[in-house]
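Asks: My questions all concern the structure below.
2 protein chains.
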Amino acid sequence: MVASLALVFQRFPVNEASMVSEVDPVVRVLLYLIVILGTAKLGAELFERIKQPAVLGELIAGVILGNLVLVNHNWIFFEPLRAAVLTDHAAIGIDILAKIGIIILLFEVGLESSVKDMRRVGISSFLVATVGVIVPFVLGYFVSALFVTQVPKQILAISPNFNIHNIHMFIGAALCATSVGITARVFQDMGRIQMLEARIVLGAAVIDDVLGLIILATVSAIVSSAEAGTSLSLLEIVKLTLIAVGFLMGALIIGTLLIPRLMKVAAKFKTQGLMLITAIIICFGLSALASEAGLASIVGAFAAGLVLEEIHFKEFASDVGIKDLIQPIAILFVPIFFVQMGIQVHLESFMVPSVLGISGGLIIAALIGKQACGLVVREKNVDRLTVGLGMIPRGEVGLIFASIGKSLGVVDDEIFSAIVIMVIVTTFVTPPLLKWSISRAERKAQLEKAKGK
Amino acid sequence: MVASLALVFQRFPVNEASMVSEVDPVVRVLLYLIVILGTAKLGAELFERIKQPAVLGELIAGVILGNLVLVNHNWIFFEPLRAAVLTDHAAIGIDILAKIGIIILLFEVGLESSVKDMRRVGISSFLVATVGVIVPFVLGYFVSALFVTQVPKQILAISPNFNIHNIHMFIGAALCATSVGITARVFQDMGRIQMLEARIVLGAAVIDDVLGLIILATVSAIVSSAEAGTSLSLLEIVKLTLIAVGFLMGALIIGTLLIPRLMKVAAKFKTQGLMLITAIIICFGLSALASEAGLASIVGAFAAGLVLEEIHFKEFASDVGIKDLIQPIAILFVPIFFVQMGIQVHLESFMVPSVLGISGGLIIAALIGKQACGLVVREKNVDRLTVGLGMIPRGEVGLIFASIGKSLGVVDDEIFSAIVIMVIVTTFVTPPLLKWSISRAERKAQLEKAKGK
């Protein structure tokens, strides 16, 4: 197996200058997909056998593939997928397939739930989201105050009176937003998407995204104006906030009213596969709209899943439901996202000692900060630890904060690496922790039930 | 509808210099997919209502989308998809999705058939393929002799004794190879993949691809050596031929022996979706291998479908067959290929008068040339016209010939445009002609049956 992999890797030398291989890009996409899907399933299988979530197996399969180059510097097959800016055609293709993958996953997760279900846990989700933003922000601020003691020179050069509190604020903000992809996969792997804790966390993650956007806009604006020596335009922040909140409300309200009518029209068509295509167009449409509103596109995909319900498809008089049709597409696309996420982990970034201090601090702030979330849940019979652990992963939202901070100059290379490591660690520790806490809560509930009898 | 489309088109201005839009590439991929899938289904629906194959509706939907820029020069939303060399990230993404689409289609078509079925019509397929290569070659040669009267100056500059017969030979060769995608879709749209004519044509198209490769290698080598003033290496041609034939034989023999064992191993895994992923890995693997052997990757996908049979999946003890799992993926991917094919048609190329003469000649040669195929079918009760019409589309194989000829200098811009127009016309006339001839043959068969009674 390893020998034949090595053969594949050396068979397709990548031109380092242009990062474009001599092999037809589409053929290289096929080769990438073969290796990615094959190792994803192998990783998932191994982890399921040791009672761990499949998604962790896929992530680690990706880390191994991406970092094979550390073992043998000739194994550069996956290097094009790891570039900071993708230029290789096949790598761009895989990147787009991966991003469609996470959209399909959130759509699938949304389909498992409904607007009604979400409304039932709405207040808890809102409280969880708010606490999950405030506490990590404060903790991140103090970690930064501990490790970052001076304003970078390039900022002082343009703005001599720049206040160091702005930097602490930005790092605190990078710890706020929850990335829902990992948590959703763990609940799905365990068949627990319907449980109360899952609904609270998913709802909170969506609200978190809106809050995170507002904080990012506010903090960026404060930093920009501090750098420029001008004051902050409150109007801009209010505008962004209204767009984001408006999108979510609009999508849910209009979606609920419009989709049954749209489906009635679509049911009159004769073409094969129209049910699936209509659902996918709604999913992609809301994803694009969410992105236009400044939110993560996956929030739109989740909203699309929420407003679409199995009943809308009854018109098509088919015995195959929409979930059955989306599932094979998800099986193909979703692992690409998680393996690609693993491939992009540069293990060598863990080896820099000066980064380890601040990243350790950020990781502790990130893990502890979200545990406060569990305390504000209103419902009884909810495992508060599961809610707190489900909110841990930071994912791409944290990375967006880091890269914006870098472009503003408040985040230097060391802090950037530290934030990246924090994102990686929060992503990788969540699946086993969450699986453990769900099982523990279910055992406890069974015991209490037995006692009650 | 048109007004809102116009809005979308103007909302996302494409930077003409870099061909990269300001909008996130993934979001633009989603927007492309929404418009492509939406109009594909609309086109398919309209054409099915007027009793035409759905695939023609998808092609024409693409032509309209791609050429909207002729109506209003601000509607450049699709321009990045029409560039000769794709540079825009979103366009590269769509291109790769489209090419995965045609691979999935041929895999699906292959699944509908089996090695045993193909062997039964093997001799007829071989005869059809051989005639379908020789006759168009000869006709194309004469059309070229009629229209091309002098060797291009840039060739004479490097090789004063260059024989003009080499050019005629190249143009003749460009008319040989059948592109099976369109024909397969028409048989599929009509639910006739199992009919004898379909099996003969599909088999012949695969053999055609091998013959086409040998001819391309031979003719290119002759032209190259004529340009260089050296003689042709026969060894090179024999080598390429053996690789291509060896691939097909090897894939079919090893596949038939190996896959049942592979499936027995895979059946021991517990992970969800392994049946589908295993099938897709086999499909992508044979596609990549075919491409490595110098064949079209879709030949590999078809071979993968042939060697995989429903029975192999019985081990998984699932009530959902592999065809049911591939279908939703095909519904999503396949229309992207046909719409993208339409988008890439530049209608303005039809307007150049000097091109119209030679393209008219080539179209006639291409249409008539393949009709000889029907005459050599050995089986009785076969509609010979359906076989001949099914062999008409030239598709991407003809385009590959044209572009290699252009790089060798034997195909100038006018001949190149003429070959492109020939490919477009053969692609667009096949669906209605084929549908008509299949219906006609079936009516005739019913009539004879009625008479027999």
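Quick note, the sequences are listed as chains D and Z, same order. If you count by my numbering, then the first sequence holds residues 1 to 453, one letter each, in order. If you count by my numbering, then the second sequence holds residues 1001 to 1453, one letter each, in order. The beta carbon of each residue, even a glycine, is placed where N, CA and C say it ideally should be.
Counting along the chain, where does the alpha helix (DSSP H) carrying V334(D) start and finish?
Replies: For this step, residue 334(D) is matched to residue 334 along the first sequence. From DSSP, the alpha helix (DSSP H) with V334(D) extends over I322 to I343.
Asks: If we count Cβ pairs, one from each stretch, closer than 8 Å, do we get three or more for the stretch 1255-1268 of chain Z versus the stretch 1064-1079 of chain Z?
Replies: With the cut-off at 8 Å, the stretch 1255-1268 of chain Z and the stretch 1064-1079 of chain Z do not touch.
Asks: Taking C-beta pairs closer than 9 Å, name the residues in chain D that K1451(Z) reaches, listed in chain order.
Replies: As a position in the second sequence, residue 1451(Z) is number 451, starting the count at 1. Near K1451(Z) there are no residues of chain D at all, since even the closest Cβ is about 34 Å away, more than 9 Å.
Asks: Could you tell me whether the Cβ atoms of V1238(Z) and G1062(Z) are closer together than 8 Å?
Replies: By 1-based counting over the second sequence, the position of residue 1238(Z) is 238. By 1-based counting over the second sequence, the position of residue 1062(Z) is 62. Contact: no.
Asks: Please report whether the beta-carbon of V1109(Z) lies at a distance below 8 Å from any beta-carbon of chain D.
Replies: Working through the second sequence from its first residue, we reach residue 1109(Z) at position 109. Closer than 8 Å: no.
Asks: Applying the 10 Å Cβ sphere with the 16-neighbour rule, what's the burial state of A1083(Z)?
Replies: By 1-based counting over the second sequence, the position of residue 1083(Z) is 83. Its Cβ having fewer than 16 others within 10 Å, A1083(Z) is exposed.
Asks: Could you tell me whether the stretch 1434-1445 of chain Z touches the stretch 1379-1390 of chain Z, where touching means 3 or more Cβ pairs closer than 8 Å?
Replies: Counting Cβ pairs under 8 Å, three or more are found: they touch.
Asks: Please state whether DSSP places S1220(Z) in a helix, a strand or coil.
Replies: For the purposes of this step, residue 1220(Z) is identified with residue 220 of the second sequence, where counting begins at 1. In the structure shown, S1220(Z) sits in a helix (DSSP, three-state: H, G or I).
Asks: Measure the C-alpha to C-alpha separation of I50(D) and I134(D) and round it to an integer number of angstroms.
Replies: Counting from 1 along the first sequence, the entry for residue 50(D) is found at position 50. Counting from 1 along the first sequence, the entry for residue 134(D) is found at position 134. So the alpha carbons of these two residues sit roughly 36 Å apart.
Asks: How many Å lie between R1199(Z) and A54(D) at the Cα?
Replies: As a position in the second sequence, residue 1199(Z) is number 199, starting the count at 1. As a position in the first sequence, residue 54(D) is number 54, starting the count at 1. Answer to the nearest angstrom: the Cα atoms are 42 Å apart.
Asks: Would you say F269(D) lies against chain Z (beta-carbon separation less than 8 Å)?
Replies: Position 269 of the first sequence, counted from the first residue, corresponds to residue 269(D). With 8 Å as the cut-off, F269(D) counts as an interface residue toward chain Z.
Asks: Figure out for me which residue from I363(D), I368(D) and F337(D) has the closest Cα to the Cα of I92(D).
Replies: Residue 92(D) sits at position 92 when you count from the first residue of the first sequence. Here the closest residue by C-alpha is F337(D).
Asks: For chain Z, check one thing: does any of its Cβ atoms lie closer than 8 Å to the Cβ of V302(D)?
Replies: One-based indexing of the first sequence puts residue 302(D) at position 302. With the sequence shown as reference, residue 302(D) is identified as Phe, and Val is not the correct amino acid for it. It does not: the Cβ of F302(D) has no partner Cβ on chain Z nearer than 8 Å.
Asks: Give the single residue among S291(D), G140(D) and A205(D) whose Cα lies nearest to the Cα of G361(D).
Replies: Walking along the first sequence from the start, residue 361(D) turns up at place 361. Of the candidates S291(D), G140(D) and A205(D), the one whose C-alpha sits nearest the C-alpha of G361(D) is G140(D).
Asks: Look at the alpha carbon of A1418(Z) and the alpha carbon of G1285(Z), and state the distance between them as a whole number of angstroms.
Replies: Position 418 of the second sequence, counted from the start, is the residue given in the question as residue 1418(Z). Position 285 of the second sequence, counted from the start, is the residue given in the question as residue 1285(Z). Roughly 35 Å between the two C-alpha positions.
Asks: How about K1116(Z): is its C-beta nearer than 8 Å to some C-beta of chain D?
Replies: The residue you call residue 1116(Z) lines up with position 116 of the second sequence. No - not a single Cβ of chain D is within 8 Å of the one on K1116(Z).
Asks: Quick one: is P328(D) near chain C, going by C-beta distance under 8 Å?
Replies: Protein chains in the displayed structure are D and Z, and chain C is not among them.
Asks: For G1101(Z), which residues from the same chain have a beta carbon less than 6 Å from its beta carbon, with the 5 sequence-adjacent residues on both sides left out?
Replies: On the second sequence, residue 1101(Z) is found 101 positions in, with the first residue counted as 1. Same-chain partners within the cutoff: F1333, V1334, I1336 and F1337.
Asks: Can I155(D) and F162(D) be called in contact, C-beta distance under 8 Å?
Replies: Working through the first sequence from its first residue, we reach residue 155(D) at position 155. Working through the first sequence from its first residue, we reach residue 162(D) at position 162. Result yes, Cβ atoms of I155(D) and F162(D) sit closer than 8 Å.
Asks: Could you tell me which chain Z residues have their CB closer than 7 Å to the CB of I281(D), listed as they occur along the chain?
Replies: As a working note, residue 281(D) is residue 281 in the first sequence. Residues of chain Z passing the Cβ test: I1034, L1037 and G1038.
Asks: Excluding the five sequence neighbours on either side, which residues of its own chain have a C-beta within less than 6 Å of the C-beta of I1281(Z), listed in chain order?
Replies: Position 281 of the second sequence, counted from the start, is the residue given in the question as residue 1281(Z). Closer than 6 Å at the Cβ level, and outside the excluded window around I1281(Z), lies no residue.
Asks: Find the residues of chain Z that neighbour F284(D), judging by a C-beta separation of less than 7 Å, and give them in chain order.
Replies: What you label residue 284(D) is simply residue 284 of the first sequence in a count that begins at 1. Those are L1030, L1033 and I1034, listed as they occur along chain Z.
Asks: Measuring alpha carbon to alpha carbon, tell me which residue in I1167(Z), D1209(Z), L1257(Z) and L1289(Z) is nearest I34(D).
Replies: Position 34 of the first sequence, counting from 1, holds the residue named residue 34(D). Among I1167(Z), D1209(Z), L1257(Z) and L1289(Z), the Cα nearest to that of I34(D) belongs to L1289(Z).
Asks: Beta-carbon separation of G1132(Z) and T1178(Z) under 8 Å?
Replies: Within the second sequence, residue 1132(Z) is the residue found at index 132, counting from 1. Within the second sequence, residue 1178(Z) is the residue found at index 178, counting from 1. Yes, these two residues count as a Cβ contact at 8 Å.
Asks: Enumerate, from N- to C-terminal direction, the unbroken alpha helix (DSSP H) stretches of 4 or more residues contained entirely within the stretch 147-177 of chain D.
Replies: With a minimum length of 4 residues, the continuous alpha helix (DSSP H) runs that stay inside the stretch 147-177 of chain D are 153-158 and 165-174.
Asks: Helix, strand or coil: which one does DSSP assign to P80(D)?
Replies: The sequence position of residue 80(D) within the first sequence is 80, counting from 1. Correct three-state label for P80(D): helix.
Asks: For L46(D) and V345(D), what's the separation of their Cα atoms in angstroms?
Replies: In the first sequence, residue 46(D) corresponds to position 46, counting from 1. In the first sequence, residue 345(D) corresponds to position 345, counting from 1. Computed Cα separation, rounded: 21 Å.
Asks: Which of the three DSSP states, helix, strand or coil, is assigned to R1378(Z)?
Replies: On the second sequence, residue 1378(Z) is found 378 positions in, with the first residue counted as 1. Correct three-state label for R1378(Z): coil.
Asks: Taking Cβ to Cβ, would you say V1223(Z) is nearer than 8 Å to F1170(Z)?
Replies: If you number the second sequence from 1, residue 1223(Z) lands on position 223. If you number the second sequence from 1, residue 1170(Z) lands on position 170. The answer is yes: Cβ separation under 8 Å.
Asks: Using a Cβ-Cβ distance cut-off of 8 Å, determine whether A365(D) contacts chain Z.
Replies: One-based indexing of the first sequence puts residue 365(D) at position 365. So, not an interface residue.
Asks: In chain order, what residues of the same chain have a beta carbon less than 6 Å from the beta carbon of A1006(Z), not counting five sequence neighbours either side?
Replies: Numbered from 1 along the second sequence, position 6 holds the residue referred to as residue 1006(Z). Because the pLDDT of A1006(Z) is 35, which lies under 50, any placement of that residue in the model is unreliable, and the question is left without a value.
Asks: Closest Cβ-Cβ distance between G1273(Z) and chain D: below 8 Å?
Replies: The count along the second sequence starts at 1 and reaches residue 1273(Z) at position 273. It does: the Cβ of G1273(Z) has a partner Cβ on chain D nearer than 8 Å.
Asks: Just tell me which of I253(D), A266(D) and L242(D) has its CA closest to the CA of L295(D).
Replies: Taking the first sequence and counting its residues from 1, one reaches residue 295(D) at position 295. Selected option, being the one with the closest Cα: L242(D).
Asks: Using a Cβ-Cβ cutoff of less than 6 Å, which residues in the same chain neighbour P25(D) once the five nearest sequence positions on both sides are dropped?
Replies: Here residue 25(D) refers to the residue found at position 25 of the first sequence. These residues qualify, in order along the chain: H89 and A90.
Asks: Whole angstroms are fine: how far does the CA of A157(D) sit from the CA of I164(D)?
Replies: Walking along the first sequence from the start, residue 164(D) turns up at place 164. Walking along the first sequence from the start, residue 157(D) turns up at place 157. So the two alpha carbons sit approximately 14 Å from each other.
Asks: Report yes if the CB atom of N1166(Z) is closer than 8 Å to the CB atom of V1410(Z), and no otherwise.
Replies: Taking the second sequence and counting its residues from 1, the one referred to as residue 1166(Z) is at position 166. Taking the second sequence and counting its residues from 1, the one referred to as residue 1410(Z) is at position 410. In this structure, V1410(Z) lies closer than 8 Å to N1166(Z) by Cβ.
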